[in-house]
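K.L.:
Okay, handing you the structure first.
In full-length UniProt numbering, the protein residues as written are 1 to 402.
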């Protein structure tokens, strides 16, 4: 499976001083449970493997549904283009303990899922963060899954086949795919309901990490090889941030409104439509808007500007030559022709763009989480001081509209 023409393509390795591990976590097998991919500083190990970027074929099907093409065709296309790529992190590698790690909860965009932002999440982990990339169960992901208990008839059939029973064997994987807008359906009510659920899922992920940090035994439904007890007392729960792309950017803002444990937020090319106007004045924490040049429009920027504050730092920069898909990993994995055709690539080198975004994010996190790192060397980026950055926005906004 895979794209044999992809040897010059790939997700860039993290640049920080730590090797990066990743593992998947699902607590409570139902759709109400918590599901995320965890990125963390890891010990160097020769045995560990890098996981597939797309975990399994159902995610190809979900992506096909999302862009409205036939599943069989979509699976062939996506498998050919992207099936051979790996995430720049070692699966289930042992955690590297070196002081307490600040925590970031990451929220994916519409039609995405937990693995598609590995360049961002791995970079943060390489600099000492523990990052939980949530997979949302609000039907905004291309695909996700949970488990249900087997029916009595299913159990009876297994007895006939003389299969051995265990707790795991009593569960059946259920797939949940993207829910498109129905004909004539208004978008705001659906997205507003979803953003509230998404925020709750981010807060739940933090609650699960808090339990893990305190040494409460956890039952990971996925039965990975990772030893969760090694994360006891590993997290600095006074230094927590939330981050997200597009719908995930709106989710980050909703999270800040709902939970003061999150000290700041970073919204990557945020899509502001899902949010209630009333929450804007309720958000008290610092927010950093990092926008692409091609996606934003006046109405969306106006809503960001409604969060301007004389008391709390609200920053905005725009990365020149970028498109909305300059933040997910797709931008590194498509050749120029496909990348431009599918709007996965902008005019700027995608590695330069993500490097600017990551460095600016690290500087902002150091400033507002009170970290004793050297990320302040990138403070000028927060103000848009770089040839590839625009301070604020490139979008013309009438002052009277704000």
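For glycine and all other residues, C-beta sits at the position ideal for the given N, C-alpha and C.
#1: Going straight from the alpha carbon of residue 222 to that of residue 56, what length do you get?
#2: Given a threshold of 16 other Cβ atoms within 10 Å of its Cβ, counted over all protein chains shown, does residue 123 qualify as buried or as exposed?
#3: Going along the chain, which residues of its own chain have a beta-carbon closer than 7 Å to the beta-carbon of residue 113, five neighbours each way excluded?
#4: Alpha helix (DSSP H) containing residue 355: first to last residue?
#5: In the segment 111–197, which residue ranges form an unbroken alpha helix (DSSP H) of at least 4 residues, counting only runs that do not cross its ends?
#6: Rounded C-beta distance between residue 328 and residue 116? I'm assuming under 8 Å.
#7: Going straight from the alpha carbon of residue 243 to that of residue 69, what length do you get?
#8: Is DSSP giving residue 6 helix, strand or coil here?
#9: So for residue 227, helix, strand or coil by DSSP?
#10: Using 8 Å for Cβ pairs, my map puts residue 316 next to residue 392. What's the rounded Cβ distance?
#11: Along the chain, where does the alpha helix (DSSP H) that runs through residue 238 open and close?
#12: Is the beta carbon of residue 133 less than 8 Å from the beta carbon of residue 18?
#13: Closest to residue 66 by C-alpha separation, out of 281, 177, 301, would be which residue?
#14: Check the C-beta distance from residue 97 over to residue 234 and give it rounded, since I have them as a contact under 8 Å.
#15: Note the first and the last residue of the continuous beta strand (DSSP E) segment covering residue 37.
#16: In whole angstroms, give me the CA-to-CA distance for residue 54 and residue 82.
#17: Quick check on the DSSP output: the alpha helix (DSSP H) that includes residue 79 runs from which residue to which?
#18: Give the straight-line distance between the Cα atoms of residue 277 and residue 212, rounded to the nearest whole angstrom.
#19: Please report how far the alpha carbon of residue 274 lies from the alpha carbon of residue 249, in whole angstroms.
#20: On the premise that residue 103 lies in contact with residue 240, defined as a C-beta separation below 8 Å, what is that separation, rounded to the nearest angstrom?
#21: Hey, could you find the ends of the beta strand (DSSP E) residue 11 is sitting in?
#22: Could you say if the segment 225–234 and the segment 249–258 meet the contact criterion of at least three C-beta pairs nearer than 8 Å?
#23: Can you give me the Cβ contacts of residue 165 inside the same chain, cut-off strictly under 6 Å, excluding the 5 residues immediately before and after it?
#24: Around the Cβ of residue 300, are there at least 16 other Cβ atoms within 10 angstroms (buried) or fewer (exposed)?
#25: Have a look at residue 390 and residue 214 and give me their C-alpha separation to the nearest angstrom.
#26: For residue 356, which residues of its own chain have a beta-carbon under 8 Å away from its beta-carbon, when the five flanking residues on both sides are left out?
#27: Have a look at residue 395 and residue 313 and give me their C-alpha separation to the nearest angstrom.
#28: Cβ of residue 105 within 8 Å of Cβ of residue 206?
#29: Short of 6 Å in beta carbon distance, which residues of its chain neighbour residue 345, apart from the five on each side in sequence? Order them along the chain.
#30: CB residue 305 to CB residue 272, shorter than 8 Å?
#31: Give me the DSSP bridge partner(s) of residue 291.
#32: So which of 51, 86, 189 has the shortest CA-CA distance to residue 9?
#33: Which one of 88, 62, 220 has the shortest CA to CA distance from residue 76?
#34: Let me check understanding here. Comparing Cα to Cα, which of 157, 149, 217 lies closest to residue 174?
#35: I'd like the list of long-range same chain contacts for residue 323, defined as Cβ closer than 6 Å, with 5 residues on each side in sequence excluded.
#36: Report the rounded CA-to-CA distance for residue 3 versus residue 333, giving the unit in angstroms.
P.N.:
The relevant details are as follows:
#1: 14 Å
#2: buried
#3: 59, 135, 141, 142, 143, 144
#4: 350–369
#5: 118–126, 152–160
#6: 5 Å
#7: 30 Å
#8: The predicted position of residue 6 is uncertain, since its pLDDT is 39 and thus under 50; no value can be drawn from it.
#9: coil
#10: 5 Å
#11: Taken as a continuous stretch (DSSP letters only), residue 238 belongs to no alpha helix (DSSP H), being part of the beta strand (DSSP E) at 235–245.
#12: no
#13: 177
#14: 6 Å
#15: 34–42
#16: 8 Å
#17: 71–82
#18: 35 Å
#19: 10 Å
#20: 5 Å
#21: Run containing residue 11: none; DSSP gives neither H nor E here.
#22: no
#23: Low confidence applies here, because residue 165 scores a pLDDT of 47, under 50, leaving its location unreliable and the question unanswered by this model.
#24: buried
#25: 43 Å
#26: 319, 381, 386, 388, 389
#27: 21 Å
#28: yes
#29: 331, 339
#30: no
#31: 318
#32: 86
#33: 62
#34: 149
#35: 292, 294, 343, 346
#36: For residue 3, the predicted model reports a pLDDT of 40, less than 50, meaning its position is unreliable and no value from the coordinates is stated.
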